[in-house]
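Using numbering that gives the first Met the number 0, the first residue of the sequence shown is number 0, and each one after it goes up by one.
The structure under discussion appears below in the form of structure tokens.
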Amino acid sequence: MTEERVELLLAEVQDEFGVIRVLEVADYRFLEFGDAIEQSCVFTADPSWLEYDYTRAMLIGALCHEQPESALFLGLGAGTLTQACLKFLPLEDVEAIELRPDVPRLAIEYLGLDDDPRLYIRVGDAIELLPTAEPADLIFVDLYTDVGPGAGHLAWNFLGDCQKRLNPGGWLIINQWATDDGKPLGAALLRGLYHRHYWELPVKEGNVILIVPADLDQVLDMQALTARAEALAPQLGYSLASLIKAIRPAT
């Protein structure tokens, strides 16, 4: 028996893709798509707190960059990862592309997304709008619907174009579903597209975070990554060390 959780419905909207809800349960607020498919979880007292390992793993991907100034988020959700990156990284320029117009509004109204002057949000399909996005030091791909990963997660041209939009020395961070054997969805496609030159970080939610460098000469400096994560731990309020230990080369 799981403990009964008291849910408070704060908002519900219907758009062309289905239903979007914001729920409150104790100290947390959730963004849900469709039939109770949780998209994002926000700790109300601190919207930059990353509750889930997959978001912490994506932050680790960002920490692979020594001094990122620009970031592009393909898929905004509640914006917790965007908030964390704005708070903990030296970013000056952040763009987010979100498919559903109500999502940014609900994130600002109910989920603590700051109206940060460095953040520019555009509404539309990431696959279509990517060519008009500014090149960035960090690009995050997190395009999920209520039935799973969006088409972009397995689209060869789109995933290749994401890498091409990175500045030199940049990193592409993809929140990919894991298959039953623990490999990322589309593993063969990814190996071919990125020439096996990327790293994987499996997390307990059943996802594998892919950390892809801008080019083949670029390597992941584990020592520097660990040092940056350790320096940040007091501000974050949690350690990233156990997740960093789980990083592996492309499978």
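The beta carbon of each residue, even a glycine, is placed where N, CA and C say it ideally should be.
In this text the structure is predicted, and so the values were computed from the model without any measurement.
Query: For P261, does the three-state DSSP call read helix, strand or coil?; Result: This structure does not reach residue 261, given that the chain is present from 0 up to 250, and the question cannot be answered.
Query: Give the straight-line distance between the Cα atoms of D220 and C63, rounded to the nearest whole angstrom.; Result: 7 Å
Query: Between which two residues does the alpha helix (DSSP H) carrying G60 extend?; Result: D52 to L62
Query: Would you check if the region 179 to 188 and the region 128 to 138 touch, i.e. whether three or more CB-CB distances between them fall below 8 Å?; Result: no
Query: Tell me which residues share the same chain as K203 and place their Cβ nearer than 7 Å to its Cβ, disregarding the 5 neighbours each side in the sequence.; Result: D52
Query: Using DSSP's beta-bridge definition, name the partner residues of D92.; Result: S69
Query: Flag this pair as yes or no: are the beta carbons of S39 and K86 separated by less than 7 Å?; Result: no
Query: Could you tell me the boundaries of the alpha helix (DSSP H) in which F87 lies?; Result: T79 to F87
Query: DSSP three-state call for V102: helix, strand or coil?; Result: helix
Query: Relative to the alpha-carbon of G78, which residue among I210, F42, A249 and Q222 has its alpha-carbon at the smallest distance?; Result: F42
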